Amino acid sequence: MCKSIKCIDIIQGLRGMGLGAGDGVMVHSSLSSMGHVDGGAETVVDAFLEVVGYQGTLMVPTFTHSNTEYFDPLNSPSKNGAITEAVRKRSGAIRSLHPTHAVTVIGSEVEGLIGKDLEHGALGQGCALHRLIDRGGLVFLLGVDHQANSVIHIGEDLAGDDRHRHFSPENPKRVTVKHPRDGEIVVTLTSMMGHTTAFDEMDGFLRSRGQVVEGRIGDAECQLMKGVDVVKATVDILGSL
């Protein structure tokens, strides 16, 4: 087990893997995988923000998932772990309004990423995560594998793979959302991607193409990659089925 991890250790680990100032990054994470971190989740968030700087963008999933009946973007807790909750509660953080798969963003690109969440399907074309990827966004897996990599869903949507959708026009889901301007509104969800074989095959596929940077922060195995590479790999994997 690694010694107690300090903020500087995380900063050095992130920079050593290639994350830097001005980057936009989607982080999927497990705090417990790291070992003991001085200051806990807040320290991890501090480190990411220090590395990407004021011109960079930090995004995390703050999902409530498909069984959600009521969504309050300001108060509904994230189900994606302690680091995502720390980001959600951070001053200056903005959470999207998607009732089951909201993301939370801190940084320079907030205005361009958040705002059209109710017009797009969960993790499909046009969502906040897709817009981050289109702007050169990276994906960082901190102590988790590709089973947590939400970018794969965007590739599924682009590939037109609808074999595993949870919702559809024939099987919609209605969720009450506490809108910051309009009060409580009912949102009808007709599209949410499921879980294809791309999640199982992504690791080997990206490694074979040399598109993953690996590292370790504390006890956590980490991976850094370009979001566009994940999307392209997903389309290629599903196209070969």
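Just so you know, the sequence shown maps onto residues 1270 to 1510 in this note's numbering. Just so it is clear, CB atoms sit at the ideal spot from N, CA and C, and this is done for glycine as well. These numbers come from a predicted model, not from an experiment.
Exercise. Gly1393: which of Gly1293, Asp1426 and Ala1467 sits nearest, CA to CA?
Worked result: Of the candidates Gly1293, Asp1426 and Ala1467, the one whose C-alpha sits nearest the C-alpha of Gly1393 is Asp1426.
Exercise. For the beta strand (DSSP E) that contains Ala1489, what are its first and last residues?
Worked result: Element bounds for Ala1489: Ala1489 to Lys1495.
Exercise. Closest by CA to Cys1491, which one among Ala1502, Val1499, Val1413 and Gly1304?
Worked result: Selection Ala1502, Val1499, Val1413 and Gly1304 evaluated against Cys1491 yields Val1413 as nearest (Cα-Cα).
Problem set entry | Leu1343 in three-state terms, based on DSSP | DSSP places Leu1343 in coil when its eight states are reduced to three.
Problem set entry | Leu1411 and Thr1465 closer than 8 Å at C-beta | In this structure, Thr1465 does not lie closer than 8 Å to Leu1411 by Cβ.
Problem set entry | First through last residue of the beta strand (DSSP E) which encompasses Val1446 | Residue range Lys1442 to His1448 is occupied by the beta strand (DSSP E) that includes Val1446.
Exercise. Does the segment 1438-1456 come close enough to the segment 1365-1377 that 3 or more CB-CB pairs lie under 8 Å?
Worked result: The segment 1365-1377 makes contact with the segment 1438-1456; the number of CB pairs closer than 8 Å reaches 3 or more.
Problem set entry | Simplified DSSP state of Phe1409, which is helix, strand or coil | Strand.
Problem set entry | Three CB pairs or more closer than 8 Å across the segment 1334-1351 and the segment 1316-1325 | The segment 1334-1351 vs the segment 1316-1325: no contact.
Exercise. Are the beta-carbon atoms of Ile1352 and Val1379 separated by less than 8 Å?
Worked result: Annotated as distal: Ile1352 and Val1379, with beta-carbon spacing of 8 Å or more.
Exercise. Which value, in whole angstroms, describes the spacing of the CA atoms of Ile1421 and Ala1467?
Worked result: Just so you know, the alpha carbons of Ile1421 and Ala1467 end up roughly 7 Å apart.
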